[in-house]
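A.B. asks: The structure follows.
There are 2 protein chains.
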Amino acid sequence: MHRHFRAVDYSECMAGSGRQRTNRRVVHETLRRQVLTLELPPGSALSENELAAALGVSRTPVRESLILLAEEGLVQVFPQVGSFVSRVDPERVADAQFLREAVELAALDDLPADLDADLVAELRDNLAAQQRPGIDVEEFFTLDEEFHRGLLGLSSHGRAWSTVASAKGHLDRARRLGLYEAGSPAVFADQHQEIFQAVLDNDVERARSRMRRHLRAVFEDIEQIRSRSPELFASNSGAAPVRRNVVVWE
Amino acid sequence: MHRHFRAVDYSECMAGSGRQRTNRRVVHETLRRQVLTLELPPGSALSENELAAALGVSRTPVRESLILLAEEGLVQVFPQVGSFVSRVDPERVADAQFLREAVELAALDDLPADLDADLVAELRDNLAAQQRPGIDVEEFFTLDEEFHRGLLGLSSHGRAWSTVASAKGHLDRARRLGLYEAGSPAVFADQHQEIFQAVLDNDVERARSRMRRHLRAVFEDIEQIRSRSPELFASNSGAAPVRRNVVVWE
DNA sequence: ATAACAGTACTGGTATACAAGCATCAGTCG
DNA sequence: CGACTGATGCTTGTATACCAGTACTGTTAT
């Protein structure tokens, strides 16, 4: 076996976030979004065959997506039994909260003297959009995501976002369980404004304080939801995926 | 279609860290270890077919393992071109450093009043083992891993370890590039001892300070390695996997 | 009625076959 | 001698077939 190779630049392949429009990536993003938005509610059975048929692809990309989601903790796979959307595990939510808080606060410590002007402008627009009255819940979540991501970007540690995003995913999924009936995005939008102002003022300590309060408020929100609807959460980490009798007309 | 389901407890499946002895898990752990220990050096070509043949399995588990490793950033997959062990990317190393420092320092803030006695004893033994003269480099890395993991466990945020472990993996891989010729584990072992003592004394501030110094020292170590052997690092994030002419007798 | 047993339809894990695309090689033409 | 071009062997992505194992069904024996 002889192989002759030459140096090649694949920069373009990695450019942007799209990388490559492969079936697996599409399925992965689709399923992840559906899990996080509760379109696929916790505990749902995810049959590889059914998903493949529904999405018009073969089992392979579906299966590979499920493996990734399982690694992220959004899905549980039981060999020879089935795959299920993870119940919202309070322990995991707490871990996500801890991790997110640690990273986002540390990022505030590392803010440069002069901030990226474009990013600042973008964040300003974002905050304005958050203040829109009667804003849709899903739209708020999108803006929230972009805000926190942008804030992390200001500290030149933007590449750490994927880790935070994973943690935030678990938190948001828990929040969505109750946000539709209770929470008011306006409060959180105001907290975002406070944090941003502190950052603009170069007041790291205040920014940290406000950020911590904000993130803790989010966590409190989740705890309230849990006490109100405990059945949506996993009672214990190793709990069974409770399968129920389902009848469907064909 | 009608499906009758019953509640079942799969706790045992999740018990421990083993979960299930599946081929994919074995391959994943094997490859990950080989990448982190530089047994598979940065830039190596990883052919799914060759790996499958070498490991005595089919492409499927190999491929799924590569996907997971790619998600962790240890491997790069270029469709229709090839898969390669990631070059050590300074940016990614810096991100890993930032993330790890944020989490491990935050954990020290959350230490409970009275520590888990068993874990403390385990950590004491671990530190003693680290002090052994003429300790093997790989053995030191194992002990180092267990030490930091145990320290995180003391704060009841042990479940966040997997995230830290991933970051630590990138850092350790960079360190291994130069540790064999230069670094002395004894220095780091002493730093571990200092941190641990501060924790035992319930002196959070000192523990944080020592931990920060320790982690920064590790990072400095890597920077030194980089300046000494820049060719081992990726010059830019989108760099090409440089393929070289290889001739092999069959 | 109830408990035990075979049957069956489903699961995910694995192996394999095929398809699409890239990089090199060999030949050819200018 | 250099540039172009089809052939070739590799790569990963996808689809499919088969396997071992599980959990339900319906029947049978008690």
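Keeping their order, the protein sequence lines are chains C and X.
Quick note: the first sequence uses the UniProt record's numbering, first residue 1, plus one each step.
Quick note: the second sequence uses the UniProt record's numbering, first residue 1, plus one each step.
Heads up, the beta-carbon is just placed ideally off N, CA and C, and yes, glycines get one too.
1) Residue range of the beta strand (DSSP E) that F196/X falls in?
2) Could you compute how far the alpha carbon of residue 254/X sits from the alpha carbon of D95/X?
3) Please list, in chain order, the residues of the stretch 142-175 of chain C that have any C-beta partner in chain X closer than 7 Å.
4) Report the three-state DSSP secondary structure of G150/X (helix, strand or coil).
5) Would you kindly work out how many angstroms separate the C-alpha atoms of L99/X and A167/C, rounded to a whole number?
6) Compare the C-beta of A102/X against all C-beta atoms of chain C and say whether one is closer than 8 Å.
7) Measure the beta-carbon distance from G150/C to L123/C and round it to whole angstroms, keeping in mind my assumption that it falls under 8 Å.
8) Taking its Cβ as the centre, do 16 or more other Cβ atoms sit within 10 Å of E101/C, making it buried, or is it exposed?
9) Whose C-beta lies closer than 7 Å to the C-beta of V88/X among residues of the same chain, with five residues either side of it excluded?
10) From H148/C to L55/X, what distance separates their C-alpha atoms?
11) Hey, is P90/C's beta-carbon within less than 8 Å of any beta-carbon in chain X?
12) I'd like the list of long-range same chain contacts for T142/X, defined as Cβ closer than 6 Å, with 5 residues on each side in sequence excluded.
13) Let me make sure I understand the geometry here. Which of E39/X, L200/X and S209/X has the alpha-carbon closest to that of L119/X?
14) Buried or exposed: residue 299/X, going by 16 or more other Cβ atoms within 10 Å of its Cβ?
15) Just to confirm the assignment, what range does the beta strand (DSSP E) spanning Q76/C have?
16) Reducing DSSP to helix, strand and coil, say where F85/X ends up.
17) F233/C lies in the alpha helix (DSSP H); which residues open and close that run?
18) Taking three-plus beta-carbon pairs below 8 Å as touching, is the stretch 121-138 of chain X in contact with the stretch 211-226 of chain X?
19) Cutting at 7 Å between CB atoms, please list the residues of its own chain near V27/X, excluding the five before and the five after it.
20) Start and end of the alpha helix (DSSP H) containing I222/C?
21) Quick check on A45/C: does DSSP put it in helix, strand or coil?
22) First and last residue of the alpha helix (DSSP H) that includes I67/X?
23) Apart from the five residues just before and just after V246/X, which ones in its own chain have a Cβ nearer than 8 Å to its Cβ?
24) For the 8 Å Cβ check, are there 3 or more pairs between the stretch 77-86 of chain X and the stretch 210-219 of chain X?
25) One question on the structure: do I195/C and A186/C come within less than 8 Å of each other, judged by their Cβ atoms?
26) Just to check my reading of the structure: V85/C and L46/C have Cβ atoms closer than 8 Å, yes? What is that Cβ distance to the nearest angstrom?
27) Excluding the 5 residues flanking R243/X on each side, which residues of the same chain have their C-beta closer than 6 Å to its C-beta?
28) Relative to the alpha-carbon of L111/X, which residue among G73/X, L31/X, R132/X and V204/X has its alpha-carbon at the smallest distance?
29) Taking only beta-carbon positions, decide if D95/X is within less than 8 Å of chain C.
30) How about L108/X: is its C-beta nearer than 8 Å to some C-beta of chain C?
31) Rank G153/C, A106/C and N126/C by C-alpha distance to the C-alpha of L115/C and give the top, closest one.
32) Check the C-beta distance from A189/X over to Q130/X and give it rounded, since I have them as a contact under 8 Å.
33) Residues of chain C with CB closer than 9 Å to the CB of T22/X, please, in chain order.
34) How many angstroms separate the CA atom of Q191/X from the CA atom of E71/X?
C.D. replies: Result, derived from the coordinates:
1) First-last for F196/X: P185 to L200, but that is the alpha helix (DSSP H), not the beta strand (DSSP E).
2) The structure shown does not extend to residue 254/X, since chain X spans only 1 to 250, so no value can be given for it.
3) Taking 7 Å as the Cβ-Cβ cut-off against chain X, the residues of the stretch 142-175 of chain C that qualify are H157, R159, A160 and T163.
4) In this structure, G150/X counts as helix in the three-state DSSP scheme.
5) When rounded, the separation of the alpha-carbon atoms in L99/X and A167/C is 13 Å.
6) Interface residue, yes.
7) Rounded, the Cβ-Cβ distance is 5 Å, consistent with contact.
8) Buried.
9) Apart from the 5 residues on each side of it in sequence, V88/X sits with its Cβ closer than 7 Å to the Cβ of P42, R173, A174, L177, L232, F233 and A234 in its chain, given in chain order.
10) Distance between the alpha carbons of H148/C and L55/X: 43 Å.
11) So, not an interface residue.
12) No residues qualify anywhere along the chain.
13) That would be L200/X, whose Cα lies nearest to the Cα of L119/X.
14) The requested residue 299/X is not part of the displayed model; chain X covers only 1 to 250.
15) That run of the beta strand (DSSP E) goes V75 to F78.
16) The question names Phe, yet the displayed sequence has Val at residue 85/X. For V85/X, the secondary structure class from DSSP, reduced to helix, strand or coil, is strand.
17) It is not in any alpha helix (DSSP H) - F233/C carries neither H nor E in the DSSP assignment.
18) Taking 8 Å as the limit for Cβ pairs, the verdict is that the stretch 211-226 of chain X does not touch the stretch 121-138 of chain X.
19) When the five nearest sequence neighbours on each side are left out, the beta carbons in the same chain lying within less than 7 Å of the beta carbon of V27/X are those of L55, V57, P61, V62 and S65, in order along the chain.
20) First-last of the alpha helix (DSSP H) with I222/C: V204 to R228.
21) Strand at A45/C.
22) Segment R59 to E72, the alpha helix (DSSP H) holding I67/X.
23) Any answer about V246/X is weak, because its pLDDT of 39 lies below 50 and its placement is not dependable; what the coordinates show is given next. Taken in chain order, the list of residues that qualify is empty.
24) Here the stretch 77-86 of chain X does not lie against the stretch 210-219 of chain X, with fewer than 3 beta-carbon pairs under 8 Å apart.
25) Going by beta carbons, I195/C and A186/C fall outside the 8 Å limit.
26) The Cβ separation is near 6 Å, so the contact holds.
27) Only weak support is given to the placement of R243/X: the predicted model assigns it a pLDDT of 38, under 50, and the value that follows is read from those uncertain coordinates. Around R243/X: no qualifying Cβ.
28) Here the closest residue by C-alpha is V204/X.
29) Yes, D95/X counts as interfacial toward chain C.
30) Chain C, which has no Cβ nearer than 8 Å to the Cβ of L108/X, makes this no.
31) Measuring C-alpha to C-alpha distances from L115/C to each of G153/C, A106/C and N126/C identifies G153/C as the nearest.
32) About 4 Å separates the two Cβ atoms, so the contact holds.
33) Simply P79.
34) Cα to Cα, the separation comes out at about 32 Å.
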